[in-house]
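Taking my numbering as reference, the numbering of the sequence shown is continuous, increasing by one, and the terminal residue is 382.
Note that the Cβ used here is the ideal one computed from N, Cα and C, for glycine as well.
Below: the structure, in structure tokens.
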Amino acid sequence: MKIAHIVLSIFALSVSNGLCETRSAFEPGKIWLDNNGVHINAHSAGLLFHEGTYYWFGEHKIEGDAGNVAHVGVHVYASKDLYNWSDEGIALKVSDAPNSDIVKGCIIERPKVIYNAKTKKFVMWFHLELKGKRYAAARSGVAVADKVTGPYTFTNSFRPDNTMARDQTLFVDDDNKAYHLYASEDNKTLHISLLSDDYLQPSGKNVRVFENRMMEAPSICKRKGKYYFIGSGCTGWAPNAARSAVADNMFGPWVETGNPCVGINPENKMGPEKTFGGQSTYILPVQGKPDAFIALFDLWRPKNAIDGRYIWLPLQFTETGLKVEWMDKWDLSFFDCPTQNVSKVR
Ligand code: DGJ
């Protein structure tokens with residue numbers, strides 16, 4: 037009896053420490069512990085599903101406002117169920133070499149990884165700003181690995197299509213063509229650029245979209261042949277209203293469909309006008325559940341960057357566009373009810 041008590045108390049203690057907690061739901065905006073009981077440190081996430089496992093890549097941040105530049109690199113986590121994540125370490129490390137583009141103290145943002153089935157390489161693109169130059173460089177960085185979790189080798193950085201590139205994402209279409217979407221022209225206009233077949237550089241084919249709309253934080257998915265986009269306005273680390281758009285063709289025309297957010301985050305009392313306190317970063321297709329997508333947002337804490345939170349909410353498709361409804365807690369069974377994820381109500 038006594039031993040049973042001790043075992044139970046140790047179990048309770050480790051659960052309260054988050055050490056062996058098994059999650060079965062998403063809790064947007066809350067601390068999200070990994071397998072070691074540490075808040076997940078992978079901001080501006082990009083996800084990749086590869087051979088039965090999801091991989092979550094993101095900016096590793098440190099404490100304080102120092103965490104707004106890169107001291108460590110790109111962190112990667114792995115999960116089979118999307119709720120429980122194991123720390124797989126640093127996929128791309130910043131460099132100690134003073135002349136490296138990715139020297140410690142540079143800015144690495146919004147890393148996204150795609151897999152090239154032809155070359156069998158994992159290719160990472162990220163927004164790169166050179167050390168000490170704030171946001172002036174407006175470059176994209178590329179890194180490559182043979183193994184999904186890395187180590188990724190930095191290849192080079194440049195202004196894609198010879199133009200400025202800041203917030204960015206990648207998208208691989210059904211025909212394996214990959215696209216780079218980035219905020220260009222001083223964030224005024226978004227560019228969509230087809231990548232080369234090896235995904236390592238721009239192909240030269242690109243379009244300008246949402247002209248002068250100051251659209252950043254691009255995220256994209258494809259459902260039933262249509263492309264859906266969620267982005268934000270341009271207000272630094274401060275939240276603003278999300279935007280959405282739809283297109284029949286990747287290169288447009290893109291039609292804006294308004295702010296998809298509905299509801300209020302009770303913790304900060306922020307609703308659609310501030311995207312619940314968040315900013316879009318990625319749209320994740322859920323494997324094995326047709327039409328199931330999760331919209332991912334970052335809740336920035338620029339004064340203590342490491343404390344940034346994650347808002348993951350189901351993406352609902354309406355007759356006119358998209359809906360992202362606030363939920364304090366939810367799980368993937370949400371997608372099992374067809375009237376829920378194909379909502380008719382706006
Ligand atoms: C908003 C962007 O979306 C972030 O990735 C970051 O660049 C901040 N601005 C910096 O203020």
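(1) Check whether the Cβ of C270 sits closer than 8 Å to any heavy atom of the ligand DGJ, and report yes or no.
(2) Apply the 10 Å Cβ neighbour rule to R170 and answer buried if 16 or more other Cβ atoms are within range, or exposed otherwise.
(3) So if DSSP puts E165 in a beta bridge, which residue, or which two residues, is it bridged to?
(4) What's the gap between the Cα of Q352 and the Cα of Y91?
(5) Counting Cβ pairs, one atom from each stretch, are 3 or more of them under 8 Å apart for the segment 252-261 and the segment 193-207?
(6) According to DSSP, simplified to helix, strand and coil, what is A48?
(7) Classify S369: buried if its beta carbon has 16 or more other beta carbons within 10 angstroms, exposed otherwise.
(8) For the ligand DGJ, any of its heavy atoms closer than 8 Å to the Cβ of N104?
(9) Does the Cβ of S229 have 16 or more other Cβ atoms within 10 Å, making it buried, or fewer, making it exposed?
(10) Using beta-carbon positions only, say whether H96 and H111 come within less than 9 Å of one another.
(11) Buried or exposed: where does T317 fall if 16 or more other Cβ atoms within 10 Å of its Cβ makes it buried?
(12) CB-CB under 7 Å to S60, same chain, minus the five flanking residues each way: which ones, in chain order?
(13) Per DSSP, what kind of secondary structure is W348 in: helix, strand or coil?
(14) Report the option in F158, I143, K262, E355 whose CA atom is closest to the CA atom of V108.
(15) On a Cα-Cα basis, can you pick out the residue from K359, E221, L332, D197 that is closest to E247?
(16) Can you say whether Q315 is buried or exposed, counting buried as having 16 or more other CB atoms within 10 angstroms of its CB?
(17) Just to confirm before moving on: does the CB-CB distance between V159 and Y235 stay below 9 Å?
(18) Report the rounded CA-to-CA distance for G344 versus A328, giving the unit in angstroms.
(19) Measuring CB to CB, does P296 end up less than 9 Å from L226?
(20) If you measure from the CB of S176, is any heavy atom of the ligand DGJ nearer than 8 Å?
(21) Please return the same chain residues whose Cβ sits closer than 6 Å to the Cβ of L217, not counting the five positions on each side in sequence.
(22) G88 to A114, Cα distance in whole Å?
(23) Taking all protein chains shown into account, decide if D203 is buried (16 or more other Cβ within 10 angstroms of its Cβ) or exposed.
(24) Quick one: using the 10 Å Cβ neighbour count with 16 as the cut-off for buried, is P302 buried or exposed?
Working from what's here:
(1) yes
(2) exposed
(3) I143
(4) 23 Å
(5) yes
(6) Residue placement at A48 cannot be trusted, given a pLDDT of 40 that sits under 50; the coordinates are not used to answer.
(7) exposed
(8) yes
(9) buried
(10) yes
(11) buried
(12) Y119, D367
(13) strand
(14) I143
(15) E221
(16) buried
(17) yes
(18) 26 Å
(19) no
(20) no
(21) T205, I228, P254
(22) 10 Å
(23) buried
(24) exposed
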